[in-house]
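Peer 1: Below is the structure I would like to discuss, written out as structure tokens.
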Amino acid sequence: PPVNEEMASPQEERTFIAIKPDGVQRGLVGEIIKRFEQRGFKLIALKMVTASQDHLKVHYQDLKDKPFFPSLVEYMASGPIVAMVWQGLEAVKQGRIMLGATNPLASNPGTIRGDFSIQTGRNICHGSDAVDSAEREIAHWFKPEEVSGWKRTVDSWIYE
Ligand code: IDP
Ligand code: MG
29 PPVNEEMASP
39 QEERTFIAIK
49 PDGVQRGLVG
59 EIIKRFEQRG
69 FKLIALKMVT
79 ASQDHLKVHY
89 QDLKDKPFFP
99 SLVEYMASGP
109 IVAMVWQGLE
119 AVKQGRIMLG
129 ATNPLASNPG
139 TIRGDFSIQT
149 GRNICHGSDA
159 VDSAEREIAH
169 WFKPEEVSGW
179 KRTVDSWIYE
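The sequence shown begins at 29 in the UniProt record's numbering and counts up one residue at a time.
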């Protein structure tokens, strides 16, 4: 078969989105899920988990030399987070746009960080920054059987 047939469709792009411990503590789980759901992205995996520091050190491996790395890992391990996989066209890039800038003071109103947070070290949510890091993060947080590739009947009203 042609190679294209084996590639996932652009509408099946996946991103890893997490509501950090501060987002959970502040009661923003529903609000954040609502925004992705309303946009038309499809939720294909979700769990609440208190991550170990070791797990988080792998998740944030690219930042291990940053001065804030220890406090970042401690913050992320301080309570449960809500880990999710969202699927759809440009899910990675659009997810980042919906989250806003890393520093909430630079995030536009209308973004999740811009509407609900003030400081970088308490910016309430995570989103993968590229398709390849999304794949790595999804595999790090979810077993394959925890990801549901379900058929959504409303898709023809979201995609032409
Ligand atoms: P991102 O979450 O927008 O992708 P990254 O640069 O990947 O931003 O950093 C990961 C997380 O580390 C940030 O979301 C934030 O929680 C934390 N962080 C990044 N830079 C700083 C900093 O300068 N001080 C404190 N925490 C930081
Ligand atoms: Mg990042």
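Even for Gly, the Cβ is constructed at its ideal location relative to N, Cα and C.
For a test of the three-state rule: what should DSSP assign to LEU74, helix, strand or coil?
Peer 2: Locating residue 74 in the sequence shown gives position 46, where the first residue counts as 1. Of the three classes helix, strand and coil, the one that applies to LEU74 here is strand, per DSSP.
Peer 1: Could you check which residue in GLN89, ALA79, GLN66, GLN122 has the C-alpha nearest to that of VAL110?
Peer 2: Taking the first residue of the sequence shown as position 1, residue 110 is located at position 82. Looking at the Cα atoms, ALA79 is the closest of the given residues.
Peer 1: Count the other C-beta atoms from every protein chain shown that fall within 10 angstroms of the C-beta of ARG42, then say buried if there are 16 or more, exposed otherwise.
Peer 2: On the sequence shown, position 14 is the one that residue 42 refers to. That one is buried.
Peer 1: From this set, HIS83, SER145, TYR88, which residue's C-alpha is nearest GLN53's C-alpha?
Peer 2: Start at 1 with the first residue of the sequence shown, and residue 53 comes out as number 25. Per the Cα distances, SER145.
Peer 1: Curious, which full-length alpha helix (DSSP H) runs of at least 4 residues does the stretch 122-182 contain?
Peer 2: Whole alpha helix (DSSP H) segments, 4+ residues: 140-144, 159-169.
Peer 1: What are the boundary residues of the beta strand (DSSP E) that ARG63 is part of?
Peer 2: On the sequence shown, residue 63 is found 35 positions in, with the first residue counted as 1. Counting along the chain, ARG63 falls outside any beta strand (DSSP E), though it belongs to the alpha helix (DSSP H) covering 57-67.
Peer 1: In the DSSP assignment, find the beta strand (DSSP E) that holds GLN115 and state where it starts and stops.
Peer 2: By one-based count along the sequence shown, residue 115 stands at place 87. Per DSSP, GLN115 belongs to the beta strand (DSSP E) from 109-115.
Peer 1: Could you tell me whether any Cβ in chain D is nearer than 8 Å to the Cβ of GLY155?
Peer 2: Within the model displayed, chain D is absent; a lone protein chain is all it includes.
Peer 1: Quick one, which of GLY51, VAL120, PRO95, TYR103 has its alpha-carbon nearest VAL159's?
Peer 2: To locate residue 159, count along the sequence shown from 1; it is residue 131. The candidate whose alpha carbon is nearest that of VAL159 is VAL120.
Peer 1: Go to PHE44, then tell me how far its beta strand (DSSP E) extends in each direction, as first and last residue.
Peer 2: Working through the sequence shown from its first residue, we reach residue 44 at position 16. Residues 42-47.
Peer 1: Under 8 Å, do GLY142 and PRO132 count as touching if we go by C-beta distance?
Peer 2: Translated into positions along the sequence shown, residue 142 becomes position 114. Translated into positions along the sequence shown, residue 132 becomes position 104. Cβ distance < 8 Å, so GLY142 and PRO132 count as in contact.
Peer 1: Using a Cβ-Cβ cutoff of less than 6 Å, which residues in the same chain neighbour LYS62 once the five nearest sequence positions on both sides are dropped?
Peer 2: Numbered from its first residue, the sequence shown carries residue 62 at position 34. Hits under 6 Å: none found.
Peer 1: Identify which residue in LEU117, SER99, GLU59, VAL86 has its Cα closest to the Cα of ILE166.
Peer 2: Taking the sequence shown and counting its residues from 1, one reaches residue 166 at position 138. The candidate whose alpha carbon is nearest that of ILE166 is VAL86.
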